[in-house]
Structure formats: C-alpha cells, structure tokens
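Residue numbers (the working numbering): 17 to 72.
We treat Cβ as the ideally placed atom computed from N, Cα and C, and that holds for glycine.
Bear in mind that the values here come from a model prediction, so they are computed numbers and not experimental data.
The block underneath contains the structure these notes are about, expressed in structure tokens.
Structure, rendered in structure tokens:
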C-alpha cells in the first residue's frame, strides 16, 4: 500500500512509468501500472463530473 501512495506522489510530480521503473526497482511494475490506470480513471471521472456541473 505504501508503494501505491509513493507511485501516486510521483505521478502527480510528473514522473512517467518508465522513469519510475528505471529509478525504483523495489516497486513492482504491476503496482506502477495499476496506479497509473487508477489515476487515469479518476481524471476521466473528474472530467465527466466537471462537464456535468457546467450543464446544470
């Protein structure tokens, strides 16, 4: 779980999946990929909610 929070912090700082994999071999690539996917889904959800707020 701590790895996921760390990966999320790096995503928000602008790190790519490749950079994380190269610099943090202690974090499983599957964890990095899963957090990136979750983050992307959250961003998509936020965009939809923002668009709905503009309509109303």
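Local conformation of residue 40 per DSSP, three classes = Sequence index remark: in the chain shown, residue 40 carries index 24 (1-based). In the structure shown, residue 40 sits in coil (DSSP, three-state: anything other than H, G, I, E or B).
For residue 29, the three-state DSSP class (helix, strand or coil) = Here residue 29 refers to the residue found at position 13 of the chain shown. It is coil, neither helix nor strand.
request  = Express the C-alpha separation of residue 71 and residue 20 in angstroms, rounding to a whole number.
outcome  = One-based indexing of the chain shown puts residue 20 at position 4. One-based indexing of the chain shown puts residue 71 at position 55. Residue 20 and residue 71 have their C-alpha atoms roughly 35 Å apart.
query = Would the beta-carbon of residue 36 fall within 7 Å of that of residue 26?
reply = Working through the chain shown from its first residue, we reach residue 36 at position 20. Working through the chain shown from its first residue, we reach residue 26 at position 10. Using a Cβ distance threshold of 7 Å, residue 36 and residue 26 count as a contacting pair.
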